[in-house]
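Numbering (the UniProt record's numbering), first residue to last: 1 to 587.
Pasting the structure below:
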């Protein structure tokens, strides 16, 4: 069958340009029957660069065929990824095994449309598959509008905030003994008098029996310094600002008084919550939720974590059915507030954890919008590892004038004295081998957290460690929320004992049994270093840290860091290596 025969059939049936596909296909079948099975096309070429091409009358070979618009060369059918399926039959006729449709060029083989190969489409369709598509969802604005609330017109539920009650031993403790407790832990407490008295044991804190049972099951020895003063301060119903180093037990400081606060309020039907805890990162949000879960289950309180990277629908269904406790990140919480699916008019116990970190991440506008949705007579609690002027300004603006200020330790940057710090200065090419030798010297049961500045290097190092038979995984911001949760669960349970992470895990990651923290290079600031090594020695335990400094990549910021680190090591009575001191003296 020649191409002229096909052209003549299509013209006589009047289906070349606008006839239905079924008419042309059924007509060919009825005329040729089994002969069409012997028809074959060896090569079919693109004519995308000739959009005005009309079907030939006499001989198709007189027209240019086989020009490819992308690769600028003739290629066999189906071998070029950018192939466009607008084709005409060559001198061999149709390929019967391919169904065909009609367009302005004549009958063409049919294939599923490939928008990435259609260069006549608008911009958002003409990308190649390896590139990111242009969609409206990727163009979201971080500034989410939220309607303001007129609290004078709102009918607010009456709340109870004062639950200050001590055991006889704590209440009758003389002033000299109180001063001894405060001075022994370097605790400062300020505010309008009367100030709450500290507790020295768990029994002196008047919590109900279920909470006391969970505390005993957790095998805590005694309250941490921030808990000794923070529990009684939060139970007074006054606003509280607590400043303490990482790993000092700040989470339970606001959680346990919050449980008593919740149980004294009118029950929540649909909607809620009563306790709202803001956290800067997803990891810290999930960590607080996990720590609060045993207490909420024992007291029949519903808890909902709200954070990005998880299903909005599932989270919305959870708090629509009613929840007394919500732990949230600012971004996802604002999304629910902007759509009107969540209201915070029942919140009377408001907590900002890692407040300094939230301000560092630029969440201050979001925090202000969220606070504007919470009733003015709330109890506000702010906890932070530092006390910069931004936190002071925020506290003076959103806390009541009689707020209680608690500080554990000095305001100057200092590291946990329970951490044994070691520093090694070497060339950059020696660091990886030194790391492998260090890990091989450890027991397989030891948990090690390794910090890297680059996401790609974290994956590469974890892969190299697995090749060397180490149980290693990597954690960074490019991983999905499900991957993060799975990796952290593996690290907690000991399924993997080495975690290579970027700064996404530097703040708020609370895993009690991390034995070593390794920094593969000097962090940008001393504050970053303190928060990194603060992942070990949690809850009063002992820990170790190792820092590698590459002498061949020094710059002014690293020299400044070396000087600050030398002063820090001297302050906490740690050895200062001579190589580190020589770098610090170069400033």
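Glycine included, each C-beta is placed from N, C-alpha and C at the ideal position.
How about residue i and residue j: do their beta carbons lie closer than 8 Å?
{"i": "residue 563", "j": "residue 282", "result": "no"}
{"i": "residue 419", "j": "residue 536", "result": "yes"}
{"i": "residue 178", "j": "residue 408", "result": "no"}
{"i": "residue 438", "j": "residue 546", "result": "yes"}
{"i": "residue 163", "j": "residue 278", "result": "no"}
{"i": "residue 224", "j": "residue 242", "result": "no"}
{"i": "residue 428", "j": "residue 246", "result": "no"}
{"i": "residue 534", "j": "residue 404", "result": "no"}
{"i": "residue 571", "j": "residue 538", "result": "no"}
{"i": "residue 466", "j": "residue 151", "result": "no"}
{"i": "residue 265", "j": "residue 343", "result": "no"}
{"i": "residue 346", "j": "residue 157", "result": "yes"}
{"i": "residue 378", "j": "residue 350", "result": "yes"}
{"i": "residue 423", "j": "residue 580", "result": "yes"}
{"i": "residue 543", "j": "residue 514", "result": "yes"}
{"i": "residue 232", "j": "residue 197", "result": "yes"}
{"i": "residue 202", "j": "residue 212", "result": "yes"}
{"i": "residue 276", "j": "residue 328", "result": "yes"}
{"i": "residue 417", "j": "residue 569", "result": "no"}
{"i": "residue 358", "j": "residue 367", "result": "yes"}
{"i": "residue 586", "j": "residue 558", "result": "no"}
{"i": "residue 240", "j": "residue 406", "result": "yes"}
{"i": "residue 293", "j": "residue 210", "result": "no"}
Among the options, which has the Cα closest to the Cα of residue i?
{"i": "residue 412", "options": "211, 293 and 526", "result": "526"}
{"i": "residue 549", "options": "578, 543 and 570", "result": "578"}
{"i": "residue 389", "options": "356, 205, 477 and 214", "result": "356"}
{"i": "residue 285", "options": "491, 557 and 485", "result": "485"}
{"i": "residue 302", "options": "312, 308, 322 and 315", "result": "322"}
{"i": "residue 324", "options": "295, 490 and 145", "result": "295"}
{"i": "residue 494", "options": "343, 447, 381 and 342", "result": "447"}
{"i": "residue 361", "options": "280, 172, 501 and 393", "result": "280"}
{"i": "residue 524", "options": "477, 478, 573 and 452", "result": "452"}
{"i": "residue 273", "options": "183, 291, 510 and 306", "result": "306"}
{"i": "residue 382", "options": "229, 468 and 352", "result": "352"}
{"i": "residue 364", "options": "248, 394 and 556", "result": "394"}
{"i": "residue 199", "options": "240, 229, 502 and 541", "result": "229"}
{"i": "residue 435", "options": "148, 338, 516 and 268", "result": "516"}
{"i": "residue 373", "options": "384, 391 and 398", "result": "398"}
{"i": "residue 169", "options": "269, 222 and 205", "result": "205"}
{"i": "residue 167", "options": "149, 147 and 208", "result": "208"}
{"i": "residue 313", "options": "339, 291 and 250", "result": "339"}
{"i": "residue 442", "options": "299, 518 and 585", "result": "518"}
{"i": "residue 310", "options": "293, 292, 154 and 332", "result": "332"}
{"i": "residue 184", "options": "145, 154, 226 and 165", "result": "226"}
Under 8 Å, Cβ to Cβ, is there at least one residue of chain B near residue i?
{"i": "residue 345", "result": "The displayed structure is made up of one protein chain only, and chain B is not part of it."}
Using three-state DSSP, classify residue i as helix, strand or coil.
{"i": "residue 559", "result": "helix"}
{"i": "residue 117", "result": "Any reading at residue 117 must be qualified, since the residue scores a pLDDT of 44, below 50, and its modelled position is unreliable; no value is offered."}
{"i": "residue 407", "result": "strand"}
{"i": "residue 361", "result": "coil"}
{"i": "residue 585", "result": "helix"}
{"i": "residue 314", "result": "helix"}
{"i": "residue 428", "result": "helix"}
{"i": "residue 421", "result": "strand"}
{"i": "residue 372", "result": "helix"}
{"i": "residue 292", "result": "helix"}
{"i": "residue 579", "result": "helix"}
{"i": "residue 571", "result": "helix"}
{"i": "residue 300", "result": "coil"}
{"i": "residue 355", "result": "helix"}
{"i": "residue 464", "result": "helix"}
{"i": "residue 445", "result": "coil"}
{"i": "residue 284", "result": "helix"}
{"i": "residue 242", "result": "strand"}
Just curious, the beta strand (DSSP E) that residue i is in, first and last residue?
{"i": "residue 472", "result": "472–475"}
{"i": "residue 229", "result": "Taken as a continuous stretch (DSSP letters only), residue 229 belongs to no beta strand (DSSP E), being part of the alpha helix (DSSP H) at 225–235."}
{"i": "residue 305", "result": "303–306"}
{"i": "residue 545", "result": "543–550"}
{"i": "residue 384", "result": "379–384"}
{"i": "residue 451", "result": "448–451"}
{"i": "residue 331", "result": "No beta strand (DSSP E) holds residue 331; the alpha helix (DSSP H) holding it covers 330–339."}
{"i": "residue 554", "result": "No beta strand (DSSP E) holds residue 554; DSSP gives it neither H nor E."}
{"i": "residue 527", "result": "Element bounds for residue 527: not the beta strand (DSSP E) but the alpha helix (DSSP H), 526–533."}
I need the boundaries of the alpha helix (DSSP H) containing residue i, first residue and last residue.
{"i": "residue 321", "result": "Residue 321 -> no alpha helix (DSSP H), and no H or E assigned at all."}
{"i": "residue 601", "result": "With the chain covering 1 to 587 only, the question about residue 601 has no answer from this structure."}
{"i": "residue 220", "result": "Run containing residue 220: none; DSSP gives neither H nor E here."}
{"i": "residue 258", "result": "250–263"}
{"i": "residue 394", "result": "389–398"}
Ignoring anything shorter than 3 residues or poking outside the segment 149–215, list the beta strand (DSSP E) runs there in chain order.
-> You should have 187–190.
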